[in-house]
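Undergrad: Here it is: the structure, laid out below.
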Ligand SMILES: [Ca+2]
Ligand SMILES: [Ca+2]
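This is the structure in structure tokens:
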């Protein structure tokens with residue numbers, strides 16, 4: 151029997167949550183829809199004495215062999231923490247945290263795990279596992295631009311973070327962009343602007359940490375941390391022929407093209423062939439209105 155068992159639900163410090171905010175279920179005039187959203191949080195761990203006897207174990211979902219909770223977007227933020235601490239010094243802890251914040255043009259997600267394991271004074275063995283995994287579907291109704299920022303921060307053995315953007319093609323989601331971190335590499339971020347055609351997309355993400363001690367070795371705690379953060383701004387793509395960027399194609403744009411005729415003025419060279427000429431005029435006329 152566990153001599154001591156801690157079963158508290160604890161919010162991580164705000165500095166780790168980072169993007170805590172209010173989740174809004176329905177947004178008016180949104181540039182995108184989120185027709186599906188689900189996140190699962192899994193975790194379990196145990197520690198034993200030198201003879202291999204169980205000192206205690208914990209599980210985010212006792213009785214469920216997959217040890218997972220599933221949540222919808224409206225359930226966020228999520229923070230689960232469980233652990234076992236034995237008087238001889240053995241320890242196994244896990245945390246899983248998730249949050250999502252949406253506005254009419256942005257979507258921000260945080261998935262984070264932390265695990266701790268330590269053998270007791272009599273040695274033995276300890277292990278701990280935590281994972282946050284989920285997917286979010288995006289419905290894009292018009293040509294759009296996605297300004298994206300993808301960040302992973304992994305520390306310790308057995309940690310990874312994965313982020314994928316996939317597009318639905320012929321009934322299957324195909325990778326459009328992937329950004330994975332499969333080793334403890336500290337913080338890495340990528341920023342990218344992605345053109346999105348109208349369609350159905352999936353944002354897929356996971357943060358995972360699994361650590362275990364060396365059986366029989368007395369030593370300090372080992373820790374694994376995996377934090378995956380992503381931020382997306384999705385706005386309508388500029389309209390072809392809209393030279394001055396005011397949202398309509400009209401005489402003002404025509405005047406810009408005619409005024410730059412024969413030059414290589416970047417704004418008026420709508421097809422980027424190095425010259426403002428009839429091809430650019432045709433783009434303005436074809437998109438008039
Ligand atoms: Ca215009
Ligand atoms: Ca041109």
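Numbering (my numbering), first residue to last: 151 to 439.
Note that the Cβ used here is the ideal one computed from N, Cα and C, for glycine as well.
1. Using the beta-carbon of each residue, find all residues closer than 7 Å to any heavy atom of ligand 2 and list them in chain order.
2. Pull up the CB-CB distance for residue 207 and residue 234, whole angstroms please, since I reckon it's below 8 Å.
3. Just to confirm my understanding: we take residue 190, look at its own chain, exclude 5 residues before and 5 after, and list those with CB closer than 7 Å. What are they?
4. Since I believe residue 418 is in contact with residue 430 (beta carbons under 8 Å), could you give me their beta-carbon distance rounded to a whole number of angstroms?
5. Indicate the three-state DSSP secondary structure (helix, strand or coil) for residue 407 in the structure shown.
6. Check whether the Cβ of residue 437 sits closer than 6 Å to any heavy atom of ligand 1, and report yes or no.
7. Establish whether the CB of residue 389 and some CB of chain B are separated by less than 7 Å.
8. Among 435, 383 and 373, which has the Cα closest to the Cα of residue 242?
9. Thinking C-beta only, is residue 259 closer than 7 Å to residue 247?
10. Count the other C-beta atoms from every protein chain shown that fall within 10 angstroms of the C-beta of residue 236, then say buried if there are 16 or more, exposed otherwise.
11. Would residue 304 pass as a contact of residue 331 if the rule is Cβ separation under 7 Å?
12. Please name the residue, chosen from 306, 400 and 433, that lies closest to residue 377 on a Cα-to-Cα basis.
13. Going by DSSP in three states, residue 435 sits in which element: helix, strand or coil?
14. To which residues of the same chain is residue 255 closer than 7 Å at the C-beta, ignoring the five residues directly before and after it?
15. Throw me the rounded Cβ distance for the residue 301 and residue 280 pair, which I believe falls under 8 Å.
16. Please classify residue 294: is it buried, with 16 or more other beta-carbons within 10 angstroms of its beta-carbon, or exposed?
17. Quick one: what's residue 248 bridged to in DSSP?
TA: On the basis of the supplied data:
1. Per the Cβ criterion, the list is 419, 420, 421, 422, 423, 424, 425, 426, 427, 429 and 430.
2. For the purposes of this step, residue 207 is taken as residue 57 along the chain shown, with counting starting at 1. For the purposes of this step, residue 234 is taken as residue 84 along the chain shown, with counting starting at 1. For residue 207 against residue 234, the beta-carbon gap comes to about 6 Å, under 8 Å, which counts as contact.
3. For this step, residue 190 is matched to residue 40 along the chain shown. So the list reads 218, 219, 220, 283 and 284, once near-sequence residues are dropped.
4. Taking the first residue of the chain shown as 1, we reach residue 430 at position 280. Taking the first residue of the chain shown as 1, we reach residue 418 at position 268. Here residue 430 really is in contact with residue 418; their C-beta atoms are around 6 Å apart, less than 8 Å.
5. The residue you call residue 407 lines up with position 257 of the chain shown. In this structure, residue 407 counts as helix in the three-state DSSP scheme.
6. Numbered from 1 along the chain shown, position 287 holds the residue referred to as residue 437. Annotation for residue 437 indicates a beta carbon at 6 Å or more from all heavy atoms of ligand 1.
7. Of the protein chains in this structure there is only one, and it is not chain B.
8. As a first step, residue 242 is located in the chain shown; it is residue number 92 there, counting from the start. For residue 242, the closest of 435, 383 and 373 by C-alpha to C-alpha distance is 373.
9. Here residue 247 corresponds to residue number 97 of the chain shown, with the count starting at 1. Here residue 259 corresponds to residue number 109 of the chain shown, with the count starting at 1. A distance of 7 Å or more separates the beta carbons of residue 247 and residue 259.
10. For the purposes of this step, residue 236 is taken as residue 86 along the chain shown, with counting starting at 1. Label assigned to residue 236: buried.
11. The residue given as residue 304 occupies position 154 in the chain shown. The residue given as residue 331 occupies position 181 in the chain shown. Going by C-beta atoms, residue 304 is nearer than 7 Å to residue 331.
12. In the chain shown, the residue the question calls residue 377 occupies position 227. If you compare the alpha carbons of 306, 400 and 433 with that of residue 377, the shortest gap goes to 306.
13. What you label residue 435 is simply residue 285 of the chain shown in a count that begins at 1. Helix.
14. The count along the chain shown starts at 1 and reaches residue 255 at position 105. If we look at residue 255 and ignore the five residues flanking it on each side, its Cβ neighbours are 181, 383, 384 and 385.
15. For the purposes of this step, residue 301 is taken as the residue at position 151 of the chain shown. For the purposes of this step, residue 280 is taken as the residue at position 130 of the chain shown. Not confirmed; about 19 Å, so no contact.
16. To locate residue 294, count along the chain shown from 1; it is residue 144. It is buried - the Cβ of residue 294 has at least 16 other Cβ atoms within 10 Å.
17. Position 98 of the chain shown, counting from 1, holds the residue named residue 248. Under the DSSP definition of a beta bridge, residue 248 partners with 228 and 261.
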